[in-house]
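So the structure is just underneath, and the comments pick up after that.
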Amino acid sequence: MNGNANVVGAGPNGLSAAIALAQAGLKVTVFEAEAQAGGGARTLPLTLPGFLHDFGSAVHPMAAGSPFFTSLPLAKYGLEWLHSPSPLAHPLDDGTAVMLERSIDATADHLGKDGVAWKRLFSKISEHWFDLAPDFLSPVTIFPRHPLLMASLGLRSFPPATWLANYQFGEERTRAMFAGLAAHSFLSLDEPLSSGFGVMLGASAHAVGWPIPRGGAQAITNSLCGYLESLGGVVKTGNKIENIDDLPQADVSMLDLTPRQLVQVAGSRFTKGFRRRLDRWQYGPGVFKVDYALSDPIPWKAPECRRAGTVHLGGPLEEIVISEEAMRNGRHAEKPFILLAQPTLIDSSRAPEGMHVAWAYCHVPNASTFDMLPRIEAQIERFAPGFRDCILDKRVFSPSSLHSMDANLIGGDITGGASNFRQFLFRPTGRHYGTSAPDIYICSSSTPPGGGVHGMCGYNAAVRALARLKRNS
Numbered sequence: 001m002n003g004n005a006n007v008v009g010a011g012p013n014g015l016s017a018a019i020a021l022a023q024a025g026l027k028v029t030v031f032e033a034e035a036q037a038g039g040g041a042r043t044l045p046l047t048l049p050g051f052l053h054d055f056g057s058a059v060h061p062m063a064a065g066s067p068f069f070t071s072l073p074l075a076k077y078g079l080e081w082l083h084s085p086s087p088l089a090h091p092l093d094d095g096t097a098v099m100l101e102r103s104i105d106a107t108a109d110h111l112g113k114d115g116v117a118w119k120r121l122f123s124k125i126s127e128h129w130f131d132l133a134p135d136f137l138s139p140v141t142i143f144p145r146h147p148l149l150m151a152s153l154g155l156r157s158f159p160p161a162t163w164l165a166n167y168q169f170g171e172e173r174t175r176a177m178f179a180g181l182a183a184h185s186f187l188s189l190d191e192p193l194s195s196g197f198g199v200m201l202g203a204s205a206h207a208v209g210w211p212i213p214r215g216g217a218q219a220i221t222n223s224l225c226g227y228l229e230s231l232g233g234v235v236k237t238g239n240k241i242e243n244i245d246d247l248p249q250a251d252v253s254m255l256d257l258t259p260r261q262l263v264q265v266a267g268s269r270f271t272k273g274f275r276r277r278l279d280r281w282q283y284g285p286g287v288f289k290v291d292y293a294l295s296d297p298i299p300w301k302a303p304e305c306r307r308a309g310t311v312h313l314g315g316p317l318e319e320i321v322i323s324e325e326a327m328r329n330g331r332h333a334e335k336p337f338i339l340l341a342q343p344t345l346i347d348s349s350r351a352p353e354g355m356h357v358a359w360a361y362c363h364v365p366n367a368s369t370f371d372m373l374p375r376i377e378a379q380i381e382r383f384a385p386g387f388r389d390c391i392l393d394k395r396v397f398s399p400s401s402l403h404s405m406d407a408n409l410i411g412g413d414i415t416g417g418a419s420n421f422r423q424f425l426f427r428p429t430g431r432h433y434g435t436s437a438p439d440i441y442i443c444s445s446s447t448p449p450g451g452g453v454h455g456m457c458g459y460n461a462a463v464r465a466l467a468r469l470k471r472n473s
């Protein structure tokens, strides 16, 4: 197919859209406002010399399990996945930790009486991950490729996480671990759909693991850029597009932007009705994030936490429920649920010899200005006494500072929009990737399947655009 295409935004979705278009034969140019491509998948020297930190995503189950990424020769362009011995640890106040192992059988053995229930919940989905992935990483449809598998997934994903955890599991330890998985949803755990995030993340651990890229998230971006360039595509960094009329003439333009920015950049090309629908888009909660340069590994009370690349800090289910309910209602939890990554346990290239980096964040109301640092560090100290003594330096990111470094992170929202039921079905409108301008498409995390480093928003949008170009050729 001949023609030209513009892509605005060089995050994983913009680059994925660009690659799909270039594979079809279009001449593609990507315009990125920041000096470094990657968006939320960048690795930067945020603290001391020699310490490399992931600005956004750090652990990447959805990238490793992405149907599009796995179809690309990214290893040829430098992407190497590293797996920690265990994907996840969830420490408790008794000094032990609940462990999510790569093997579903090993996890079930660790969970004792709940082992059978764990396998019943996750085995079918993890075994059929790559059969299901094209369906659950696309817009909701009444004609899925694997209707029985999708129906089974839907029955597990729609209920509130609190209901599913209490229905499935008899042990407090298992319920705590599932609550931590479900809390990735940015929903209250008594809301519908919250269980879906727990189910998908648990299944992904068994299906593809929770790996990190050697060298940091930037390795994902660099491999995508390298492959795109091999197809003739061009990435222009430091090129902020404020008006779509500033772009070169093209057959199609793909915008890796959230609805607010989409209106600002391309609103003059849209109908009033479509602009009104975009204006109704609701952004989700934000995050408060800290990057640490450490002299030593984190001194966990539960030594098994040293086996995990990701650690969830939140105690029992009831405490995590309180934390996420506070965030959803505009408050700040006294004991916030914290997601923590410790990549240098398996990738020593990210810090000087013998030293480490860590990355931690909690959920806060959108655009919050509250300083959560003392509460985050109190939670880490609760499960790792002496943690503060290991800190050499830190970099704190409030929602506004995250937004200042990535324009897509409106109010610190890292998922491209609230995960309510309406926006689950109509993301960001009933057109999904299309707009009222036939040559303009949206390919950001505000489209299906939503947030995460998987490239499927960009790929799905490019498939729609290519279908239109083919019809009109």
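For the sequence shown, position 103 matches number 103 in my numbering, and the numbering has no gaps at all.
Glycine residues also receive a C-beta, built at the ideal position from the N, C-alpha and C atoms.
Counting along the chain, where does the alpha helix (DSSP H) carrying T221 start and finish?
-> Q218 to S230
Out of D246, A293 and H312, state which residue places its alpha-carbon closest to the alpha-carbon of M495.
-> Limits of the chain in this structure are 1 at one end and 473 at the other, which puts residue 495 out of reach.
List the whole-angstrom C-beta distance separating R395 from T43, where the pair is believed to meet the contact cut-off of C-beta under 8 Å.
-> Not confirmed; about 13 Å, so no contact.
Sequence-distant residues of its chain with Cβ nearer than 6 Å to L344 (five each side left out) | Here the sequence assigns Thr to residue 344, which means Leu is not the residue at that position. Cβ within range, chain order: R350, A351, H356 and V357.
V453 lies in the alpha helix (DSSP H); which residues open and close that run?
-> Counting along the chain, V453 falls outside any alpha helix (DSSP H), and DSSP gives it neither H nor E.
Express the C-alpha separation of C225 and I440 in angstroms, rounding to a whole number.
-> Near 22 Å, if we compare the C-alpha coordinates of C225 and I440.
Take W300 and list the residues in its own chain whose beta-carbon comes closer than 7 Å to its own, dropping the five residues that flank it on each side.
-> P91, R306, F383 and A384
Roughly how many angstroms separate the alpha carbons of L323 and G215, rounded to a whole number?
-> At residue 323 the sequence reads Ser, which differs from the Leu that was named. Computed Cα separation, rounded: 33 Å.
Ordered along the chain, which non-local residues of its own chain (more than five positions away) have a Cβ less than 6 Å from that of T429?
-> R277
C-beta contact flag for T96 and A302 at 7 Å = yes
Give the secondary structure of Y361 by DSSP, where H, G and I count as helix, E and B as strand, and everything else as coil.
-> The three-state reading of DSSP puts Y361 in strand, counting E and B together.
Taking 7 Å as the cut-off, decide whether the C-beta atoms of S444 and N166 are in contact.
-> Not a contact, by the Cβ cut-off of 7 Å.
Going by the CB atoms, is the gap between H432 and P67 shorter than 7 Å?
-> Cβ atoms of P67 and H432: not closer than 7 Å.
Quick one, which of A360, S295 and D251 has its alpha-carbon nearest C390's?
-> Between C390 and the set A360, S295 and D251, the nearest pair of CA atoms involves S295.
How many whole angstroms separate the CB atoms of P399 and N420, which I take to be in contact at a CB cut-off of 8 Å?
-> With a Cβ gap of about 19 Å, P399 and N420 do not count as contacting.
Provide the residue span of the alpha helix (DSSP H) that contains H110, from first to last.
-> Residues I104 to L111.
Ordered along the chain, which non-local residues of its own chain (more than five positions away) have a Cβ less than 6 Å from that of A108?
-> G115, W118 and K119
Can you tell me the Cβ-Cβ gap for P213 and W81, rounded? I've got them flagged as a contact below 8 Å.
-> 6 Å
Assign K470 to buried or exposed, taking buried as 16 or more other Cβ atoms, counted over all protein chains shown, within 10 Å of its Cβ.
-> exposed
Delimiting residues of the alpha helix (DSSP H) encompassing F178 | E172 to A182
Could you spell out the range, first to last residue, of the beta strand (DSSP E) harbouring S86?
-> S86 to P91
With I220 and H60 assumed to form a contact (beta carbons below 8 Å), what rounded beta-carbon distance in angstroms separates them?
-> 7 Å
Sequence-distant residues of the same chain with beta carbon closer than 7 Å to E34, five excluded per side = T237
For Q379, which option in L339, V199 and A17 has the closest C-alpha, if you only look at C-alpha atoms?
-> When only C-alpha atoms are compared, the closest one is L339.
Backbone CA spacing between H110 and A308 [nearest angstrom] = 15 Å
Whole angstroms is fine: what's the gap from A341's alpha carbon to P134's?
-> 28 Å
Just the Cα atoms here: how many angstroms apart are S446 and T415?
-> Rounded to whole angstroms, S446 to T415 spans 7 Å at the Cα level.
Given L373, which residues of its chain have a CB within under 7 Å of its CB, disregarding the five upstream and five downstream residues?
-> V290 and V396
Can you list, in chain order, the residues of its chain whose CB lies under 7 Å from that of F169, leaving out five sequence neighbours each side?
-> D114, A117, R175 and F178, listed in sequence order.
State the beta-bridge partners of N6 as determined by DSSP.
-> Answer is T29 and S253, bridged to N6.
Assigned exposure category for L164 - 16 Cβ within 10 Å defines buried | buried
Would you check if the distance between the CB atom of A553 and the CB atom of S194 is smaller than 7 Å?
-> Nothing can be reported for residue 553, as the shown portion of the chain is limited to 1 through 473.
Tell whether a beta-carbon distance below 7 Å holds between G65 and W129.
-> yes
Among E127, L137 and G3, which has the Cα closest to the Cα of F69?
-> L137
Quick one: measure Cβ to Cβ for L74 and I19, integer angstroms, because I've assumed they're closer than 8 Å.
-> Actually they do not touch by this definition, with Cβ atoms about 10 Å apart.
Between P316 and E172, which are expected to be in contact by the criterion C-beta below 8 Å, what is the C-beta distance as a whole number of angstroms?
-> Yes, they are in contact, since the Cβ atoms of P316 and E172 sit about 6 Å apart, within 8 Å.
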